[in-house]
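What follows is a set of notes on a single structure, which appears directly below.
Numbering (the UniProt record's numbering), first residue to last: 1 to 348.
Here it is as structure tokens:
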């Protein structure tokens with residue numbers, strides 16, 4: 001069959017398009033065919049499988065051209081032409097295959113044969129890979145990649161920010177800061193630091209129970225000790241507890257209340273507003289700190305009992321229990337005194 005007898009639609013296609021059509025419809029043994037031979041092979045294959053391939057949208061041009069070519073001819077002529085074309089195609093295909101077998105037998109290592117085989121082996125997988133890669137949605141340019149990354153980063157940042165705001169951490173931290181940023185808070189923290197070391201001395205720990213070992217976690221037996229609450233019924237607890245309360249809280253508060261420097265009215269005419277004005281602190285923190293330092297030095301440093309009111313044994317126990325002894329109590333009083341002075345300066 002000559003090129004003029006093949007379908008015009010096939011003749012207008014490029015060889016690469018013909019190869020793709022051959023792959024689509026299932027034609028085999030086409031790799032070594034030239035363009036004209038491939039056209040003839042496709043024309044013959046499509047004609048033989050016209051019933052199955054007529055619904056293929058990729059071959060609509062082929063069947064349209066075929067109908068236009070055979071339009072107007074009589075049924076007898078169409079049948080004769082079809083039979084003649086089929087016979088010619090079969091003869092030509094057999095001749096082509098015979099020639100290929102002879103060429104392969106005579107010259108199996110010819111450059112053209114090797115080049116054609118290499119081209120078929122190399123281009124066919126590459127074409128399939130390119131078709132698969134074309135179906136994967138990828139950004140077209142590096143700018144699109146940068147935009148996509150920026151959008152993802154912005155979304156993550158917004159999500160983290162919203163979670164942080166909804167957690168209430170900011171409000172809790174601000175409230176904690178406001179509560180601790182006062183002279184009273186510093187006074188209580190210093191007293192709590194002293195009690196942390198005094199409590200084991202006056203309310204000793206006793207064995208309560210044991211947490212058994214857990215092989216799954218890899219822990220051993222852990223004994224648990226709790227304060228011996230029965231000591232609350234003995235003088236061993238109350239004597240040092242009342243001594244510390246008297247020297248570190250009651251007497252300093254007494255002097256801080258009556259020697260309240262913040263309650264003194266400022267210079268100027270005594271108006272009703274000035275007379276009715278309340279002091280900034282009920283107990284002056286500076287006077288409280290000074291009184292506590294003096295009393296602690298006299299009691300714990302010099303061993304004064306105020307005429308037998310305080311027990312020397314309780315004084316010794318407290319002096320040994322507090323971190324640094326009475327020097328640690330003096331240091332805490334100095335810290336609270338400096339904080340109260342700083343607070344007074346800021347308020348002026």
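Glycine is no exception: its CB is placed at the ideal position from the N, C-alpha and C atoms.
Name the residue from the options whose alpha carbon lies nearest to the alpha carbon of residue i.
i, options, result
"residue 59", "35, 29, 18 and 32", "18"
"residue 197", "325, 15, 49 and 333", "325"
"residue 32", "16, 10 and 46", "16"
"residue 352", "289, 244 and 240", "Absent from the model: residue 352. The displayed extent of the chain is 1 to 348, so no value can be given."
"residue 282", "183, 23, 151 and 25", "183"
"residue 188", "234, 249 and 254", "249"
"residue 199", "50, 238, 216 and 296", "238"
"residue 210", "202, 222, 201 and 181", "222"
"residue 228", "213, 207, 244 and 345", "207"
"residue 24", "51, 56 and 41", "56"
"residue 340", "235, 327 and 261", "261"
"residue 192", "41, 328 and 30", "328"
"residue 334", "301, 303, 294 and 308", "294"
"residue 322", "343, 296, 305 and 308", "296"
Report yes if the CB atom of residue i is closer than 7 Å to the CB atom of residue j, and no otherwise.
i, j, result
"residue 12", "residue 62", "no"
"residue 337", "residue 286", "yes"
"residue 190", "residue 332", "yes"
"residue 46", "residue 53", "yes"
"residue 317", "residue 194", "no"
"residue 292", "residue 252", "yes"
"residue 243", "residue 310", "yes"
"residue 245", "residue 299", "no"
"residue 203", "residue 231", "yes"
Under the rule that 16 or more other beta-carbon atoms within 10 Å means buried, what is residue i, buried or exposed?
i, result
"residue 313", "exposed"
"residue 9", "buried"
"residue 164", "exposed"
"residue 186", "buried"
"residue 256", "buried"
"residue 80", "Bear in mind that a pLDDT of 44 at residue 80, under 50, signals an unreliable position, so the number given afterwards is only what the model happens to contain. That one is exposed."
"residue 233", "exposed"
"residue 22", "buried"
"residue 345", "exposed"
"residue 216", "exposed"
"residue 34", "exposed"
"residue 226", "exposed"
"residue 175", "exposed"
"residue 166", "exposed"
"residue 235", "exposed"
Residue range of the beta strand (DSSP E) that residue i falls in?
i, result
"residue 224", "222-227"
"residue 14", "Run containing residue 14: none; DSSP gives neither H nor E here."
"residue 230", "Per DSSP, residue 230 belongs to no beta strand (DSSP E) and is neither H nor E."
"residue 209", "205-211"
In the DSSP assignment, the alpha helix (DSSP H) including residue i goes from what residue to what residue?
i, result
"residue 326", "326-347"
"residue 256", "251-258"
"residue 305", "Note, residue 305: premise wrong, no alpha helix (DSSP H); not H, not E."
"residue 40", "35-48"
"residue 319", "312-321"
"residue 178", "169-180"
"residue 200", "183-202"
"residue 237", "235-245"
"residue 286", "285-296"
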